[in-house]
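Have a look at the structure below before the remarks.
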Amino acid sequence: MASAPSKLYSDDVSLVVVLLDTNPFFWSSSSLSFSQFLTHVLAFLNAILTLNQLNQVVVIATGYNSCDYVYDSSSTGNQSVGNGRMPSLCATLLQNLEEFMNKDEQLGKQEPEGRIACSLLSGSLSMALCYIQRVFRSGLLHPQPRILCLQGSPDGPEQYVAIMNAIFSAQRSM
Numbered sequence: 085m086a087s088a089p090s091k092l093y094s095d096d097v098s099l100v101v102v103l104l105d106t107n108p109f110f111w112s113s114s115s116l117s118f119s120q121f122l123t124h125v126l127a128f129l130n131a132i133l134t135l136n137q138l139n140q141v142v143v144i145a146t147g148y149n150s151c152d153y154v155y156d157s158s159s160t161g162n163q164s165v166g167n168g169r170m171p172s173l174c175a176t177l178l179q180n181l182e183e184f185m186n187k188d189e190q191l192g193k194q195e196p197e198g199r200i201a202c203s204l205l206s207g208s209l210s211m212a213l214c215y216i217q218r219v220f221r222s223g224l225l226h227p228q229p230r231i232l233c234l235q236g237s238p239d240g241p242e243q244y245v246a247i248m249n250a251i252f253s254a255q256r257s258m
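Going by the numbering used here, the residue at position 50 of the sequence shown is 134; the numbering climbs one at a time, nothing skipped.
Next comes the structure, spelled out in structure tokens:
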């Protein structure tokens, strides 16, 4: 009698979703430059991927006007040939991040003056939670999900309800 395939749960396999604040209003006033910050983030992501070959990393850029996926280690387009994943991580992430920041800047030119300079944390948090649910529903391997929010921008009071809704829905779904 053949047994049904069971889902593999492992504490050793991680899915790390990083919400990366790219808000230029924060980085222009910070003592740490954005390039130094990115160097530290890339070292952290490389370490996560090095710990276990099954680990997954997803980076969501959070800007002033938009948020978007800028890196997904499970995507077939992000696998480098012969050299492992590390060179691909740096090159792909930096290229996609530059494109995102240019797009976010263009969207910012269309915004009215006087808007509070906060990042769209609620949108990127919702994207991260949706991605985690998609991974859980799609495969046999269920990695331990983690969300790392690297935000330095001031809190936006207009996002409070959306952030709390995302947190409550995440609690219900787990």
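Cβ atoms here follow ideal geometry from the backbone N, Cα and C, with glycine treated the same way.
Contact set for residue i: own chain, Cβ-Cβ below 7 Å, skip 5 residues either direction
i: serine 114; result: Gly236
i: cysteine 174; result: Leu126
i: alanine 212; result: Val101, Leu103, Ile144, Ile231
i: serine 208; result: Leu103, Ile144, Thr146, Cys151
i: glutamine 217; result: Ser257
Burial state of residue i (16 or more Cβ within 10 Å)
i: threonine 106; result: buried
i: proline 229; result: buried
i: asparagine 136; result: exposed
i: serine 210; result: buried
i: leucine 177; result: buried
Through-space distance from residue j to residue i, alpha-carbon basis
i: glycine 245; j: glutamine 179; result: Here the sequence assigns valine to residue 245, which means glycine is not the residue at that position. Roughly 33 Å between the two C-alpha positions.
i: leucine 133; j: aspartate 96; result: 12 Å
i: asparagine 249; j: valine 141; result: 24 Å
i: glutamine 190; j: leucine 122; result: 22 Å
i: proline 148; j: proline 227; result: It is worth fixing the name first, because residue 148 is tyrosine in this sequence and not proline. For tyrosine 148 and proline 227, the distance between alpha carbons rounds to 31 Å.
i: valine 102; j: serine 158; result: 14 Å
i: glutamate 182; j: phenylalanine 252; result: 33 Å
i: alanine 254; j: arginine 221; result: 14 Å
i: valine 219; j: leucine 225; result: 9 Å
i: arginine 256; j: proline 241; result: 24 Å
i: methionine 185; j: glycine 223; result: 32 Å
i: glutamine 120; j: alanine 131; result: 17 Å
i: proline 108; j: leucine 116; result: 13 Å
Inter-residue CB distance, residue i and residue j (contact presumed, cutoff 8 Å)
i: lysine 187; j: serine 150; result: 7 Å
Beta-carbon proximity check, residue i vs residue j, cutoff 9 Å
i: tyrosine 215; j: tyrosine 153; result: yes
i: isoleucine 231; j: valine 100; result: yes
i: phenylalanine 118; j: proline 238; result: no
i: asparagine 139; j: serine 98; result: yes
i: cysteine 129; j: leucine 234; result: First, the residue type needs correcting, since residue 129 is leucine and not cysteine in the sequence shown. Not a contact, by the Cβ cut-off of 9 Å.
Beta-carbon proximity list for residue i, same chain, < 8 Å, skipping 5 on both sides
i: glutamine 243; result: Cys202, Leu204, Leu205, Ser206
i: isoleucine 247; result: Leu205, Ser206, Leu209
Beta-carbon contacts of residue i that lie in its chain and below 6 Å, excluding the five residues immediately before and after
i: serine 112; result: none
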